[in-house]
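Here's the structure we're looking at; comments come further down.
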Amino acid sequence: MTSELLNGGSMNPDSVAVRGGREDLQALGVHALPLDLSTTYPLPDIEHGGDSYESMALGGHPLSEGGAVYARLWNPTVARFESGLAQLEKAEAAVAFASGMAAMTAAILASKDTMKSTVDPATRPHVVAVRPLYGGTDHLLASGLLGVDATFCAEHEVAAALREETVLIVLETPGNPTLDLVDISSVVTQAGGVPVLVDNTFATPVLQNPISLGAAMSLHSATKYIGGHGDAVGGVIACSEETAEALRRVRAITGAILHPLGAYLLHRGLTTLPIRVRAQQESALRIAEWLQSHPSVEKVHYPGSDGDPRGLLQHQMRGTGAMVSISLSGGFEAAKRLTSGVSMFTHAVSLGGVDSLIQHPAALTHRPVAPEARPLPNLVRLSIGLENVEDLINDLAQALAPVASSRDEMAVDPVIADPIRMDVAEAAVR
Ligand SMILES: *Cc1c(COP(=O)(O)O)cnc(C)c1O
348 MTSELLNGGS MNPDSVAVRG GREDLQALGV HALPLDLSTT YPLPDIEHGG
398 DSYESMALGG HPLSEGGAVY ARLWNPTVAR FESGLAQLEK AEAAVAFASG
448 MAAMTAAILA SKDTMKSTVD PATRPHVVAV RPLYGGTDHL LASGLLGVDA
498 TFCAEHEVAA ALREETVLIV LETPGNPTLD LVDISSVVTQ AGGVPVLVDN
548 TFATPVLQNP ISLGAAMSLH SATKYIGGHG DAVGGVIACS EETAEALRRV
598 RAITGAILHP LGAYLLHRGL TTLPIRVRAQ QESALRIAEW LQSHPSVEKV
648 HYPGSDGDPR GLLQHQMRGT GAMVSISLSG GFEAAKRLTS GVSMFTHAVS
698 LGGVDSLIQH PAALTHRPVA PEARPLPNLV RLSIGLENVE DLINDLAQAL
748 APVASSRDEM AVDPVIADPI RMDVAEAAVR
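For the sequence shown, the residue numbers in the working numbering are 348 to 777.
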């Protein structure tokens, strides 16, 4: 990635990460990112304030003579973060939300408006979703809560799953938690013009730029790598300016904008994103290699662990990332022992921070997923942080030491596996 240029400009992505979205600071006479916590803004007069309000309600920017009006519509600290992220993603624009799920919700709601005029308006809009997906996304789509129907399928089944009323295709690559890769270009081709949303949380803009591969939207749970320090929840979607307008309209109405303090922390996180991802990835590869030969480990999952037969690590990604999942030969019992036996890894959900985490997807992040698509009970997911890699390996070695012989079928039979009831969803207003 060293010779790559951004947006036709001359900056390397490492420089964009540090500099992007800070273009107005010099004129403001400040060096650090200003944090504007205003909930409301003084209006010059009724007409100009009203015009600016109208511009933003339609998804546009505030008018310079009319001001930002109200913090649910616009905030300069949030806008700077969006600009920095958009530049890193090689996109025209980005729109930031209170969480990754708020971002996903807005993307689905905005897509409903794009249903072809030839479709009977009584028809529910339709989304095609390539599994595996983050459990929350799977749950949101399966529930029907937003008034859309969803078809879950594999990558090669996308074209066959399309309907006249399909308004969006959702995919995640690398997928959570199996780290399976999906060929973005193949799905874009199959989509035949239907917008494709790629959840780029695991790859980060450092390793993958879905917009450059034809995706309409690249979504991040910024809570993870973008922030990188486990202290800010947020979501962001990189896209065209036209799509950004549709997303901002939804964001203004539903009140899902990112808090400025979150934007400040996430924007600061961008500066170290490339070096964090590269350092964490280097350790993850070492750990994956070490795990591969461990007798308690049945299979190690990371991007390319299947030999990358389609060359996606060459054409689509610029690295394998810092997430590793393992299938344990000792089943659920071994997973329980590992997650409670480690001390250099925190047993906690989430990922992408400077500290290493370990969690059990079937019981936690993927608990709401339908049983047939839920991860197996012997699968454990590791997020590799910036600790010394030898320390991490030693810790895994001591926690994996007792090899279990029995492979009991555990156990995760959660009540919430049956998503929000469909009859409730049916009543949702389109
Ligand atoms: C965590 C996560 C989300 C949801 O993001 P939140 O910020 O927790 O709302 C979506 N997609 C992926 C891949 C995630 O890991």
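Note that the Cβ used here is the ideal one computed from N, Cα and C, for glycine as well.
Quick caveat, the model's predicted, so the values are computed rather than measured.
Any heavy atom of ligand 1 closer than 6 angstroms to the beta-carbon of residue i?
i	result
Thr570	yes
Thr619	no
Tyr611	no
Thr548	yes
Met358	no
Ser385	no
Met670	no
Tyr481	yes
Gly414	no
Gly582	yes
Ser565	no
Ser446	yes
Asn523	yes
Drop a sphere of 10 angstroms on the beta-carbon of residue i, count the other beta-carbons inside from all chains shown, and report buried for 16 or more, exposed for fewer.
i	result
Pro302	Limits of the chain in this structure are 348 at one end and 777 at the other, which puts residue 302 out of reach.
Ile622	exposed
Ser690	exposed
Pro718	exposed
Pro409	buried
Ser730	buried
Gly582	buried
Ile531	buried
Thr452	buried
Ser674	buried
CB-CB under 6 angstroms to residue i, same chain, minus the five flanking residues each way: which ones, in chain order?
i	result
Leu660	Gly651
Val580	Ser446, Thr570
Arg728	Pro524, Ser672, Gln706, Pro708
Thr520	Leu528, Val529
Ala538	Ile516
Thr480	This sequence places Leu at residue 480; Thr is not what is there. The answer, listed in chain order, is Glu519.
If you drop the 5 nearest sequence neighbours on each side, which residues of the same chain put their C-beta closer than 7 angstroms to that of residue i?
i	result
Gly732	Gln627, Gly700, Val701, Asp702, Ser703
Asp755	For Asp755, the predicted model reports a pLDDT of 48, less than 50, meaning its position is unreliable and no value from the coordinates is stated.
Arg419	Ala599, Gly602, Ile604
Please report the Cβ distance between residue i and residue j, rounded to the nearest whole angstrom; I am assuming they are in contact, meaning their Cβ atoms lie under 8 angstroms.
i	j	result
Phe692	Asp738	About 10 angstroms; that fails the 8 angstroms criterion.
Ile558	Val534	Going by Cβ atoms, the distance from Ile558 to Val534 rounds to 14 angstroms, so no, they are not a contact pair.
Leu566	Leu435	With 8 angstroms as the limit, Leu566 and Leu435 do not qualify as a contact, their Cβ atoms being about 14 angstroms apart.
Ala585	Ala433	5 angstroms
Quick one: what's got a C-beta closer than 8 angstroms to residue i's C-beta in the same chain, skipping five residues either side?
i	result
His694	Thr686, Ser687, Leu704, Ile705, Gln706
Lys836	Lying outside 348 to 777, the shown extent of the chain, residue 836 is not represented and no answer is given.
Exercise. Mind pulling the alpha helix (DSSP H) runs of 4 or more residues that sit fully within the region 542-574?
Worked result: Considered as a whole, the region 542-574 harbours 551-554 as its complete alpha helix (DSSP H) runs of no fewer than 4 residues, in chain order.
For this session: Please specify which runs of the alpha helix (DSSP H), each continuous and at least 4 residues long, are wholly inside the region 507-540, giving them in chain order.
Result: Taken in chain order, the unbroken stretches of alpha helix (DSSP H) that lie wholly in the region 507-540 and span 4 residues or more are 531-538.
Problem set entry | Residue ranges of each alpha helix (DSSP H) within the region 407-443, 4 or longer | With a minimum length of 4 residues, the continuous alpha helix (DSSP H) runs that stay inside the region 407-443 are 423-435.
Problem set entry | Sequence ranges, alpha helix (DSSP H) only - wholly within the region 439-477, length at least 4 | DSSP runs (the alpha helix (DSSP H)) wholly in the region 439-477: 447-459.
Exercise. Which whole runs of the beta strand (DSSP E) in the region 598-681 are 3 residues long or more, in chain order?
Worked result: For the region 598-681, the continuous beta strand (DSSP E) assignments of 3+ residues that do not extend past its boundaries occur at 644-648, 670-675, in sequence order.
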